[in-house]
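Encoded as structure tokens, the structure appears first; notes follow it.
The following block contains the structure:
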């Protein structure tokens, strides 16, 4: 039975603050999904004694040790050598791995340096995990270890498993998903599997989401996880059940959740708001123009993060100055004079001007005070006005947002994208909002 | 003598993958600057036995333990209770801390829940570190501990120091800089101090930078650290010397580095390219307009990340479709027909159109193929053309960039901003570039 995991991250770049240990975060999330309990994350630099210390401790705490880093070709890459020593086994040279490395270098038109051959050495009982994206293969080992008995009374021989993977995220992640996760599922036995689905939401606070989810899903039916990454919150459902039943139960719970949250869910799986908005525009066969002031180009930037957006995105008029609002979008001088740049009246004219000018099916406009300066009593920092113009439709709303300049911009772009998404799906538009 | 540090991060959000341990990265970077060696980072969830295990191990490995997290008001915040037990001391209630908490709640117009009083308890010998930004104060303790002797021969009593801080980054960081770092400097003794300066660069590869730095600074003169965060690379100089001498030597080495790298350095300290560009425009009293195609609004977004940018930024014309390029910027249909949207001819007209339309002193324009689709043999994915128009100046260049869609966009925006910065500083513009 595998249940307790220790994640071991090796590399000077982690202990000198060059990079954050995002591998550990990613692996911890995957372990949760596999039903494993991450007991500890241990991070050490490229030193013999420290890595050896970490491996000894990891075996005391976990049934399974998942290690990343220290598999490079240079002399400060020590993981394999130390794993072999800690396990008390020798190193074995693997000719097929060496051949794959040579072929990879040849494809790049380069001669393989001799020190790369270190990456074809493995602790003797290792099962090699091929790495199609880099030269360093990973490996896994199952063995027995003598470890201190729980409670400290003597020592016991217990089964232990370990996985060693390269530290480069783009090599490590597919290796884990394709080669390690299935093996862990097997180790954990097949009487229970975990089915997972993630819902991306915008527009409800975490506590309101919690309440809404609790109203339709009982704690014993699924494990529910929330993860806020401003300005969106993802809701993850985990169902543990017999194979064949878990997926069906997850589907049933998902249907309840979709019904309870409605338009607040903008996507399922790894999907961004801009991708959801783009998909909705495509499905409707519509084209989009944007007019921005305080968000400064962020709406356009996010729209164009989606490959293929030229099918629906025509233009973004970032009219930061009042002069540009008049010149490019035809906002009337009287409107600016009477109501100011941050007003529903002005954004309505901006949205109409953008749609007229571009010929797009729909245009969304924003104007506000991102701060930290520029606020007044009537229009404090965080005030942002939104408008959407489409055939036979012109709506607007004033929102009081909050936070630092970058938060106000980000939340502004999120609301603007959500308005467009809702319009494209035929949903009510101005109801989109955000509660802390 | 304090030299070896263990960073201890506590919280279920770290062992379930909700967030990455960015506190540990930030602290590791600060420790490097203080001349400390981070032996290990230990991360555990909110469990009694795991936190106690981590503290015991941390004391074995480090002279100093820096801990974050587990100081909240709820029952799963266990750090203080466990620290007291591991140290073998009692808890002391601190009335002044409780009074500060009550006052903080009053200012927010709320009544303090009783369980917040847990945050006014400290291990008996602790020196309290006030927290002006939150309810949980930090604290530090110096003591002696019996630890296994190096080499494993028996046990020794050795001085040990610990710091406990809240896990919220915006509370932890100023607490460390204002209250902890000066104390660590004192512990380390005053015969040597470390002077640090960071240079932000764009336009040279890490290996080229390394070579250029090595040509003017000998290894014994300073420790040099590189940190690439695409598309910029920061170069950090650390000089260790007697107080009074370190700053002067750093200044001398900085002068050599500025001379060797020239315009490749766009700023010193924590400065972004967009802030450097904005400062240069302000200094010249110039105004800016932008015309974008493939970068989709990212240039404008970055320009407007800088507070007060309305002093120089007028407008960004994101003309994604050819229709918008003609309509808004006056790009001639013949130019588009003959040379295509991704050509130096077209971006020159875009830049001129943006400057004419906005009345800005300078305008920069981009047009390219961000990918993954849309490339042709003549204009492959990653081709981006740039132009800059100012009074009496019109320059353009075609670049072959690389990487995924978001990288091409990011690098495009970086080059565009660097052109404007160079123009505002009176430096050659088109020489800006990027080598892998």
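Residue numbers (our numbering), protein chains in the order written: chain A, 2 to 437; chain B, 2 to 437. Yeah, the Cβ is synthetic: ideal placement off N, Cα and C, and Gly gets one too.
- Residue environment analysis places residue 401 of chain B among the exposed positions, since fewer than 16 neighbouring C-beta atoms fall within 10 angstroms of its C-beta.
- By the criterion of a C-beta distance shorter than 7 angstroms, residue 149 of chain A is surrounded in its chain by 61, 156, once the five residues flanking it on both sides are discounted.
- The stretch 35-44 of chain B makes no contact with the stretch 103-122 of chain B, as fewer than three CB pairs between them are under 8 angstroms.
- Contact annotation: residue 302 of chain A and residue 302 of chain B have beta-carbon atoms nearer than 8 angstroms.
- Note that the stretch 4-18 of chain A touches the stretch 27-39 of chain B; at least 3 beta-carbon pairs, one per stretch, sit closer than 8 angstroms.
- For residue 377 of chain A, no Cβ of chain B is located within less than 8 angstroms of the residue's own Cβ.
- Within the stretch 160-171 of chain A, no residue has its Cβ closer than 8 angstroms to any Cβ of chain B.
- At a cut-off of 8 angstroms between beta-carbon atoms, residue 347 of chain A makes no contact with chain B.
- For residue 384 of chain A, the enclosing beta strand (DSSP E) covers residues 384-391.
- Interface residue (Cβ-Cβ distance to chain B less than 8 angstroms): residue 16 of chain A is classified as such.
- In this structure, A:419 is the residue among A:352, A:419, A:117, A:171 with its C-alpha nearest to the C-alpha of residue 204 of chain A.
- Between residue 372 of chain B and residue 383 of chain B, the C-beta spacing is below 8 angstroms.
- In the DSSP annotation of this structure, the continuous segment of the beta strand (DSSP E) that includes residue 229 of chain A starts and ends at 224-230.
- DSSP places residue 129 of chain A inside the beta strand (DSSP E), whose first and last residues are 128-130.
- Between the alpha carbons of residue 73 of chain B and residue 214 of chain A lies a distance of about 26 angstroms.
- Burial state of residue 24 of chain A is buried, judged by a 10 Å Cβ sphere holding 16 or more other Cβ atoms.
- Among the CB atoms of chain B, none fall inside 8 angstroms of the CB of residue 354 of chain A.
- The DSSP assignment places 92-94, 122-124 as complete runs of the beta strand (DSSP E) inside the stretch 67-129 of chain B, in order along the chain (cut-off: 3 residues).
- The beta carbon of residue 146 of chain A sits closer than 6 angstroms to the beta carbons of 60, 161 from its chain, once the five residues preceding and following it are set aside; these are given in chain order.
- Residue 68 of chain A is outside the set of residues whose beta carbon lies under 8 angstroms from a beta carbon in chain B.
- A contact between stretches requires three or more CB pairs, one per stretch, nearer than 8 angstroms, and the stretch 279-292 of chain A meets this requirement with the stretch 344-363 of chain A.
- Residue environment analysis places residue 310 of chain A among the buried positions, since at least 16 neighbouring C-beta atoms fall within 10 angstroms of its C-beta.
- DSSP, reduced to helix, strand and coil, places residue 263 of chain B within a helical segment of the structure shown.
- Under the three-state reduction of DSSP output, residue 289 of chain A falls in the strand class.
- The straight-line gap separating the alpha-carbon atoms of residue 93 of chain A and residue 376 of chain B is approximately 46 angstroms.
- Taking a beta-carbon distance threshold of 8 angstroms, residue 327 of chain B does not count as an interface residue toward chain A.
- At a beta-carbon threshold of 9 angstroms, the residues of chain B lying near residue 407 of chain A are 306, ordered along the chain.
- In the same chain as residue 426 of chain B, and ignoring 5 residues on each side of it, the C-beta atoms closer than 7 angstroms to its own belong to 281, in chain order.
- Excluding sequence positions up to five before and after residue 412 of chain B, its CB lies within less than 6 angstroms of the CB of 232, 402, all in the same chain and listed in chain order.
- Interface annotation, residue 23 of chain A: in contact with chain B, CB-CB separation under 8 angstroms.
- Using a Cβ-Cβ cut-off of 8 angstroms, residue 311 of chain A is close to 321, 322, 375 of chain B, given in chain order.
- Distance from the Cα of residue 293 of chain B is smallest, within the candidate group B:325, B:258, B:265, B:130, for B:325.
- Contiguous beta strand (DSSP E) elements confined to the stretch 275-331 of chain B occur at 289-293, 314-320, taking only those with 3 or more residues.
- In this structure, residue 84 of chain A places its C-beta atom within 8 angstroms of the C-beta atom of residue 56 of chain A.
- Under the Cβ distance rule, residue 29 of chain A counts among the residues neighbouring chain B, one pair being separated by less than 8 angstroms.
- Counting only runs of 3 or more residues that sit fully inside the stretch 128-201 of chain A, the beta strand (DSSP E) segments are 128-130, 139-149, 156-166, in chain order.
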